[in-house]
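Input: a single structure, listed below in structure tokens.
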Amino acid sequence: MPEGPEIHRAAQRLRNALEGSIITHVECPYVTIQGQEHRFLGNQVLSVEARSKAMLIHIGEDVLYSHNQLYGRWTVQKNSTKSKKTNRSLRLKLQNETHTACLWSATDIQLIEPWEIEGHPYIAKLGPDVADRDVNFDDVLKQVQNPKFSRRQLSHLLLDQGFLAGVGNYLRSEILHSARISPSRKLNTLSTTEQHNLAHSAIEVTQLAFDQRGVTVAKELYELLRENGLSRRQARHHVFTRDGLDCHECNSRIVHTRMSGRRLDFCPSCQN
Ligand SMILES: [Zn+2]
């Protein structure tokens, strides 16, 4: 399932293709937006933003809200490029003079008005989005120090979008390793230094993943490991999907476990 960095990259692609332009062709076959073509056609795309795993496209006086859940996907291509065949179901097609953006297979699609955004049931619950360029260290630290979350175990808490939005499964393992904190720790056991490390790592690792298309190790290290024959899966992270391999920091063996029903990998020496 895509995490914050992947959704924000999709938003960037949509932004580059659509922002500022007029919609010249539209198809809305999906039930929740059927018959609403007039709300897109001839209107200007004002902005595109991602909020955790939701996409918001401001068009004319409306906002198109979509959440991809497991199967949804946005694609963008130039009008001059021939479309590839796909088994996915088209939900929405937006076209301007140069590009076509399509939303496939998503089931949570709504047209709302701008004033409804902050009160939307999904968006209202989100914590600060660490995949957002404008996220602020103090906002993240405030969440880390919020008594509301203090008794929660980090392995569970980091998947809670109300704590930090944009963090998913690979980021959970990578952020905890970067902060040198064990996944079984509770938030209220962290020292002030560890609180700062966690807030710092949450932003830094997520933004690195955005910049490097899902790679959370330094680019030079990734390239070296790939040259040495490691697969992308073995090379792209410090701990996630690297169980059985050695930690780059301390040479201990990375350990695999499942927490909150999902894969989690960590280094028992670095993280305590
Ligand atoms: Zn280690």
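Numbering-wise, the sequence shown is residues 65 to 336 according to my numbering.
Yeah, the Cβ is synthetic: ideal placement off N, Cα and C, and Gly gets one too.
These numbers come from a predicted model, not from an experiment.
The distance from the Cβ of Tyr129 to that of His184 is about 7 Å, consistent with a contact at the 8 Å cut-off. Using a cutoff of 7 Å, the CB of Glu313 counts as near ligand 1, since one of the ligand's heavy atoms is closer than that.
The closest heavy atom of ligand 1 lies less than 7 Å from the beta carbon of Cys334. Taken in chain order, the whole alpha helix (DSSP H) runs of length 4 or more contained in the segment 173-208 are 185-188 and 201-208. With a threshold of 7 Å, the Cβ atom of Ser316 counts as near ligand 1, since some heavy atom of the ligand is closer than that.
Counting only the Cα atoms, Ser169 lies some 19 Å from Tyr186. Collapsing the DSSP output to three states places Ser219 in a helix. In this structure Leu218 does not touch Arg244 by the C-beta definition: roughly 12 Å separates them, more than the 8 Å allowed.
The C-beta distance from Ala81 to Ala165 rounds to 6 Å, short enough to fall under 8 Å. Val204 is positioned such that its CB atom lies closer than 8 Å to that of Ala266. Not one heavy atom of ligand 1 is found less than 7 Å from the C-beta of Cys92. Restricting attention to Arg297, Cys314, Gly230 and Asn160, the CA atom closest to the CA of His241 is found in Cys314. Put simply, the segment 277-288 does not touch the segment 252-260. Fewer than three CB pairs are less than 8 Å apart. In the structure shown, Thr164 falls within a strand segment according to DSSP collapsed to helix, strand and coil. By the neighbour-count definition (other C-beta atoms within 10 Å, threshold 16), Trp179 is an exposed residue.
For Cys166, the Cβ stays outside the 7 Å cut-off from all heavy atoms of ligand 1. Given a length threshold of 4 residues, each whole run of the alpha helix (DSSP H) inside the segment 209-284 is given here in chain order: 218-221, 233-242 and 256-275.
Around the C-beta of Tyr135, fewer than 16 other C-beta atoms lie within 10 Å, and the residue is accordingly described as exposed.
When Glu70, Cys92 and Ala263 are compared, the shortest CA-CA separation from Arg155 is found for Cys92. In this structure, Ile239 and Val269 form a Cβ contact; the two beta carbons are roughly 5 Å apart against a cut-off of 8 Å. The beta carbon of Tyr94 sits closer than 7 Å to the beta carbons of Arg155, Leu156 and Ile173 from its chain, once the five residues preceding and following it are set aside; these are given in chain order. For Gln159, the enclosing beta strand (DSSP E) covers residues Leu154 to Gln159.
Contiguous beta strand (DSSP E) elements confined to the segment 278-335 occur at 319-323 and 326-330, taking only those with 3 or more residues. Three or more pairs of CB atoms, one per stretch, sit closer than 8 Å, so the segment 187-201 contacts the segment 218-229.
Ile123 is bridged by DSSP to Val109 and Asp126.
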